[in-house]
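Note that the protein sequences, when read in sequence, are chains A and B. Here this note's numbering is used: the first residue of the first sequence is 124, the next is one more, and so on. Here this note's numbering is used: the first residue of the second sequence is 124, the next is one more, and so on. We put the CB at the ideal spot given by N, CA and C, even for glycine. Source: prediction; values computed, not measured. Worksheet: the structure to be examined is printed underneath.
Number of protein chains: 2
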Amino acid sequence: MPELRKDPISGRWVIISIERGKRPSDFGMRVSPKKGGFCAFCEGNERTTPPEIMAFRSDGGKPNTPGWTLRVVSNKFPALNVEGQLNRSGEGIFDRMNGVGAHEVIIECPDHNMTLSTMPLKSVEEVLWAFHHRITDLKKDIRFKYVLVFKNEGDEAGASLEHTHSQLIALPIVPQLVEEELIRAEQYYKYKERCIFCDIIHQESADKKRVISENDYFIAIAPFAPRSPFETMILPKRHESSFYPRGNFSQLARILQQTLKQIDKLLDLPPYNFMIHTSPFKNEENEYYHWHIEIIPKLTKIAGFEWGSGFFINPTPPEEAAKFMREVEIY
Amino acid sequence: MPELRKDPISGRWVIISIERGKRPSDFGMRVSPKKGGFCAFCEGNERTTPPEIMAFRSDGGKPNTPGWTLRVVSNKFPALNVEGQLNRSGEGIFDRMNGVGAHEVIIECPDHNMTLSTMPLKSVEEVLWAFHHRITDLKKDIRFKYVLVFKNEGDEAGASLEHTHSQLIALPIVPQLVEEELIRAEQYYKYKERCIFCDIIHQESADKKRVISENDYFIAIAPFAPRSPFETMILPKRHESSFYPRGNFSQLARILQQTLKQIDKLLDLPPYNFMIHTSPFKNEENEYYHWHIEIIPKLTKIAGFEWGSGFFINPTPPEEAAKFMREVEIY
Chain A
124 MPELRKDPIS GRWVIISIER GKRPSDFGMR VSPKKGGFCA FCEGNERTTP
174 PEIMAFRSDG GKPNTPGWTL RVVSNKFPAL NVEGQLNRSG EGIFDRMNGV
224 GAHEVIIECP DHNMTLSTMP LKSVEEVLWA FHHRITDLKK DIRFKYVLVF
274 KNEGDEAGAS LEHTHSQLIA LPIVPQLVEE ELIRAEQYYK YKERCIFCDI
324 IHQESADKKR VISENDYFIA IAPFAPRSPF ETMILPKRHE SSFYPRGNFS
374 QLARILQQTL KQIDKLLDLP PYNFMIHTSP FKNEENEYYH WHIEIIPKLT
424 KIAGFEWGSG FFINPTPPEE AAKFMREVEI Y
Chain B
124 MPELRKDPIS GRWVIISIER GKRPSDFGMR VSPKKGGFCA FCEGNERTTP
174 PEIMAFRSDG GKPNTPGWTL RVVSNKFPAL NVEGQLNRSG EGIFDRMNGV
224 GAHEVIIECP DHNMTLSTMP LKSVEEVLWA FHHRITDLKK DIRFKYVLVF
274 KNEGDEAGAS LEHTHSQLIA LPIVPQLVEE ELIRAEQYYK YKERCIFCDI
324 IHQESADKKR VISENDYFIA IAPFAPRSPF ETMILPKRHE SSFYPRGNFS
374 QLARILQQTL KQIDKLLDLP PYNFMIHTSP FKNEENEYYH WHIEIIPKLT
424 KIAGFEWGSG FFINPTPPEE AAKFMREVEI Y
């Protein structure tokens with residue numbers, strides 16, 4: 124079973140995947156996403172993935188057969204194991220937990236040649252519904268405190284398969300980065316009695332220079348202090364603490380796809396990551412945290428300065444990035 | 124002038140290099156380190172770098188002429204500007220500072236074909252002395268609170284030039300990652316009245332399974348919760364809060380070079396980063412923080428899960444990594 128270990132100096136958690144135990148010689152051969160060749164995520168190859176956890180099928184067909192528009196399966200090489208109880212233990216000064224969690228893959232569409240930017244809008248909306256259904260289901264498991272939804276697009280962004288997919292990991296602890304955001308947001312709320320994200324949305328809407336686009340329910344902005352050139356944040360305009368479908372998934376699908384189209388066009392299909400930040404299960408409804416999507420195109424390298432300081436160096440001011448994004452013509 | 128910006132939600136600082144202001148089309152062309160061709164860091168090309176800040180010369184020759192064994196120059200494309208006063212200002216809810224700082228390059232040896240692993244031990248020791256001299260000098264500048272010394276080796280680790288060099292950035296604030304380590308170390312000290320690093324060294328020395336090597340003054344260990352396979356930490360065995368030459372730079376050069384040789388041999392010259400973590404200027408002598416070097420071979424990718432959670436997934440348990448490191452035969 125994988126193991127969760129905490130670094131006592133930085134407070135960082137690390138997942139040690141003991142089963143995968145890589146030897147030194149395993150690192151030379153970088154596996155790039157296969158171009159062409161067999162793809163386990165393509166329609167017709169359902170038996171080659173772990174069994175379906177859920178799927179959308181308009182034809183009422185059987186699980187693990189063709190006819191689906193979206194499938195969710197367990198990750199074949201999960202970072203965490205879904206079986207087992209949560210045990211914490213020490214090793215002298217150090218803390219560890221066994222690596223209990225769920226690691227699932229959302230196969231976003233049956234067509235190998237589609238991406239989130241090019242698939243029908245309806246399919247993007249299905250992806251969002253799948254996130255929602257899986258979070259709602261995993262919430263029932265009392266071992267889990269948080270579900271992190273994320274996507275790696277392109278080899279450089281960590282994707283090991285080409286066929287368009289996103290992932291989620293259900294965790295027995297609230298991840299450190301989310302915890303830090305929660306703490307700051309709560310401090311701000313105690314001081315101002317306002318949500319810091321709502322305040323940012325108001326300021327950016329008035330100011331306009333970092334706004335990329337908006338619709339009735341959502342706004343896409345270039346954050347004031349982005350880690351990466353063209354980093355983009357999508358937020359519901361109304362206060363919503365958790366990733367609920369109260370907003371409107373058709374509107375969210377629209378602004379998400381539009382943003383990805385803008386990024387693809389401007390930056391020539393760059394690798395990117397996105398992740399959803401939402402409130403933890405135990406406090407889903409609150410006044411101070413505001414769920415959002417963070418999109419990070421992979422354009423710069425993390426080097427010694429970043430590793431050692433936690434600073435990021437970004438050569439593109441977000442005001443310029445937002446202007447480029449607003450002005451790019453997408454089909 | 125570059126700008127330091129703080130993200131109000133995560134507390135992260137970002138350097139926006141306004142002058143370099145990259146346009147979208149600048150990102151396609153990845154510049155790889157030049158193989159062959161002209162090198163500004165080679166002996167004889169001294170006039171093509173910014174003027175020398177310091178150098179080691181056994182022949183008593185003039186600055187910016189051949190005959191040196193090590194040179195320190197300003198970075199030609201600095202992340203921060205050394206001129207100007209420190210100003211903090213707001214933009215509504217946001218905070219910024221002008222990007223005052225020093226960004227220097229340590230050209231570690233005149234020979235283009237050497238690396239820290241292959242150069243004479245004496246040269247490695249000179250590199251450490253250069254770090255020390257530059258930190259001591261920059262400390263006099265009251266605008267600076269911290270100097271981060273780091274090295275990027277190899278394209279994938281962020282090096283843009285092939286000729287062996289390390290860098291330092293003097294900062295007007297203590298970087299967030301160091302601050303977090305300081306806070307945790309101080310909390311531990313208040314509770315235990317012992318340095319957490321000293322306690323870790325004692326536990327690891329007794330236990331041995333994560334110890335890679337040691338000499339009279341220093342120990343190299345695989346940390347209990349490493350971010351990356353084969354991550355290695357080098358610490359002075361006696362309590363030392365700051366990067367002072369009290370220990371013994373010849374011993375430090377020896378263990379550092381040996382560790383890099385082990386990494387090079389085991390992992391076939393992987394890209395890597397290292398950085399030195401030390402106490403901030405205003406509190407250099409203390410009982411709770413313990414300076415150290417962190418070496419991170421670049422073997423895994425930072426993907427959406429890591430970006431979104433702050434977790435790292437590491438496929439190689441540090442006990443196995445330490446065993447491989449101990450057993451590899453180096454020349």
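Residues of chain A whose Cβ lies closer than 8 Å to the Cβ of V137/B are, in chain order, A348, P349, R350, F434, F435, I436 and N437. DSSP lists A178/B and I230/B as the beta-bridge partner residues of R194/B.
For L271/A, the enclosing beta strand (DSSP E) begins and ends at Y269 to E276. Here M124/B is exposed, its C-beta having fewer than 16 other C-beta atoms within 10 Å. With a threshold of 16 other beta carbon atoms within 10 Å, I306/B falls short and is exposed. Boundaries of the alpha helix (DSSP H) around E443/A: P441 to E450.
Contacts between L390/A and chain B, judged by CB atoms closer than 7 Å, involve P147 and F150 in chain order. Taking a Cβ-Cβ threshold of 7 Å, the residues of chain A close to E303/B are S133 and G134, in chain order. Three or more Cβ pairs closer than 8 Å define a contact, and the region 399-411 of chain B falls short of that threshold against the region 329-345 of chain B. A check of alpha carbon separations from G431/B across G213/A, F273/A, L261/A and K268/A identifies F273/A as the nearest. Here the C-alpha atom of D234/A lies approximately 8 Å from the C-alpha atom of H286/A. Out of V195/B, F366/B and P349/B, the CA that lies nearest to the CA of I418/B is found in P349/B. Here the C-alpha atom of E302/B lies approximately 10 Å from the C-alpha atom of H400/B. By a beta-carbon distance limit of 8 Å, Y412/B contacts S364/B. Their separation comes to about 5 Å. Leaving aside the five residues that flank L390/A on each side, the residues in its chain whose CB is nearer than 8 Å to its CB run, in chain order, F353, P420 and L422.
A Cβ of chain A is located within less than 8 Å of the beta carbon of F273/B.
The continuous alpha helix (DSSP H) containing T259/B extends over residues L244 to L261.
The region 317-327 of chain B makes no contact with the region 262-271 of chain B: fewer than 3 CB pairs, one atom from each, lie closer than 8 Å.
Put simply, the CB of L422/A is near chain B, with a gap under 8 Å to one of its CB atoms.
Going by beta carbons, I230/B and F179/B fall outside the 8 Å limit. In this chain, the alpha helix (DSSP H) harbouring S328/B covers I319 to D330.
Nearest to D149/A by alpha-carbon distance, out of L127/B, P393/B and R449/B, is P393/B. Not a single C-beta of chain B is nearer than 8 Å to the C-beta of F404/A. For the region 192-218 of chain A, residues whose beta-carbon sits nearer than 7 Å to a beta-carbon of chain B comprise A202, G215, I216 and F217. DSSP places Y395/B inside the beta strand (DSSP E), whose first and last residues are Y395 to H400. In the assembly as shown, K315/A is an exposed residue. Its beta-carbon has fewer than 16 other beta-carbons within 10 Å.
The contact set of F161/A on chain B, defined by CB atoms closer than 8 Å, is empty, because the minimum CB distance reaches about 23 Å.
Ranked by Cα distance from F435/A, the first of K129/B, S133/B and V137/B is V137/B. A Cβ-Cβ separation of about 17 Å leaves L358/B out of contact with V247/B under the 8 Å criterion. By DSSP's assignment, D130/A forms no beta bridge with any residue.
Residues of chain A with a Cβ closer than 9 Å to the Cβ of Q381/B do not exist; the shortest Cβ-Cβ separation is about 17 Å. Counting along the chain, the unbroken alpha helix (DSSP H) around V301/B starts and ends at Q299 to K315.
Contact between P189/B and E166/B holds: their C-beta atoms lie close to 5 Å from each other, under 8 Å. Contact check for C162/B against L193/B fails: the beta carbons are separated by 8 Å or more. Here T238/A is buried: its Cβ has 16 or more other Cβ atoms, across all protein chains shown, within 10 Å.
Measuring C-alpha to C-alpha distances from H226/A to each of G207/A, F200/A and I453/A identifies F200/A as the nearest.
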